[in-house]
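Report on one structure; see the data block that follows.
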Amino acid sequence: MGRDEAVGTPPAQDRRGFLGALATAGTAAGIGAGLGAASPADAAPAGDAKIGGVGIVERLTILDEMARYSWAIDTGAIDDYLDRFWPDGHILHPKPDGSPGRFDGHEAIRGWLGPNFAQRPNQTFGHQHQFNAAVLSPEGEGVRVNAYIVIMRHEFHRQYWPGGPSWRMGSWHALFTRRADRWRIASLDVRMWTDTAFGAGAAIVDRQPGMPGTR
Numbered sequence: 042m043g044r045d046e047a048v049g050t051p052p053a054q055d056r057r058g059f060l061g062a063l064a065t066a067g068t069a070a071g072i073g074a075g076l077g078a079a080s081p082a083d084a085a086p087a088g089d090a091k092i093g094g095v096g097i098v099e100r101l102t103i104l105d106e107m108a109r110y111s112w113a114i115d116t117g118a119i120d121d122y123l124d125r126f127w128p129d130g131h132i133l134h135p136k137p138d139g140s141p142g143r144f145d146g147h148e149a150i151r152g153w154l155g156p157n158f159a160q161r162p163n164q165t166f167g168h169q170h171q172f173n174a175a176v177l178s179p180e181g182e183g184v185r186v187n188a189y190i191v192i193m194r195h196e197f198h199r200q201y202w203p204g205g206p207s208w209r210m211g212s213w214h215a216l217f218t219r220r221a222d223r224w225r226i227a228s229l230d231v232r233m234w235t236d237t238a239f240g241a242g243a244a245i246v247d248r249q250p251g252m253p254g255t256r
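First residue of the sequence shown: 42, per my numbering; consecutive thereafter.
What follows is the structure in structure tokens.
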């Protein structure tokens with residue numbers, strides 16, 4: 042008779058499964074307790090848990106949309122980029138001359154970005170839109186995303202330090218809304234802090250030299 046049978050405990054394999062289930066239950070209970078549940082018994086099911094008022098499933102879906110946004114813009118996939126927006130969505134973004142720009146709907150966005158996207162494969166080999174410190178919060182029936190964004194241009198094909206800007210930075214403010222089972226961008230406001238240093242944009246108007254943050 043083995044030791045497990047002698048003391049009436051399940052075999053080691055069954056114990057591992059039991060402990061895994063117990064750990065999962067404990068994690069769900071801990072999340073619920075951290076969100077204000079009175080006790081593990083009162084904790085909401087894991088699928089209903091929220092962080093910052095946004096459901097975990099919705100949060101992960103929107104973060105996935107942001108990743109797809111970056112890959113689309115950096116690889117020049119204009120159709121994939123447009124699919125991150127509702128057909129009636131809009132973008133607020135400075136024009137090359139620094140004046141304010143607003144582009145309403147897929148066709149207006151395509152007309153603005155299409156020529157640039159077409160040159161993306163030849164423009165830079167290492168173009169990266171990187172989001173960080175993304176804060177998601179409920180806004181009406183949608184979810185507001187405020188994030189910092191850094192745009193890197195790793196110009197490996199050049200034999201010298203690039204004469205133009207190799208980086209840009211700013212903040213990214215999007216309202217995601219849901220229709221049926223899809224989340225897409227209804228409005229996007231991109232604020233580039235460093236454009237004025239390169240002869241475009243209104244960074245000095247919005248942020249005096251040395252002033253941190255955005256408004």
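We put the beta carbon where it would ideally sit given N, CA and C, even for glycine.
Item: Buried/exposed call for Gly115, threshold 16 Cβ in 10 Å; Value: Checking the sequence, you will find Asp at residue 115 rather than Gly. Asp115 is buried by the Cβ-count criterion.
Item: Closest Cα partner of Ala113 within the set Phe126, Asn187, Pro179; Value: Phe126
Item: Ala188 - containing beta strand (DSSP E), residue span; Value: 183-194
Item: Rounded straight-line distance, which links the Cα of Ala227 to that of Ala174; Value: 21 angstroms
Item: Distance between Ala90 and Ala130 (C-alpha atoms, nearest Å); Value: Per the sequence shown, residue 130 should be read as Gly rather than Ala. Taking the straight line from one Cα to the other gives about 29 angstroms.
Item: Contact check, Ile103 vs Val184, beta carbons under 8 angstroms; Value: yes
Item: Contact belief for Ile119 with Gly155 at Cβ below 8 angstroms, rounded distance in angstroms; Value: 6 angstroms
Item: Short Cβ contact (8 angstroms threshold) for Ile150 with His170; Value: no
Item: Length-filtered (4 minimum) alpha helix (DSSP H) runs lying within the region 117-142; Value: 119-123
Item: Contact set for His214: own chain, Cβ-Cβ below 6 angstroms, skip 5 residues either direction; Value: Asn187, Asp230
Item: Per-residue DSSP class, three states only, for Gly155; Value: helix
Item: Cβ neighbour criterion (16 or more within 10 Å) applied to Leu95; Value: The sequence shown places Val at residue 95, not Leu. Counting Cβ neighbours within 10 Å, Val95 comes out buried, since at least 16 surround it.
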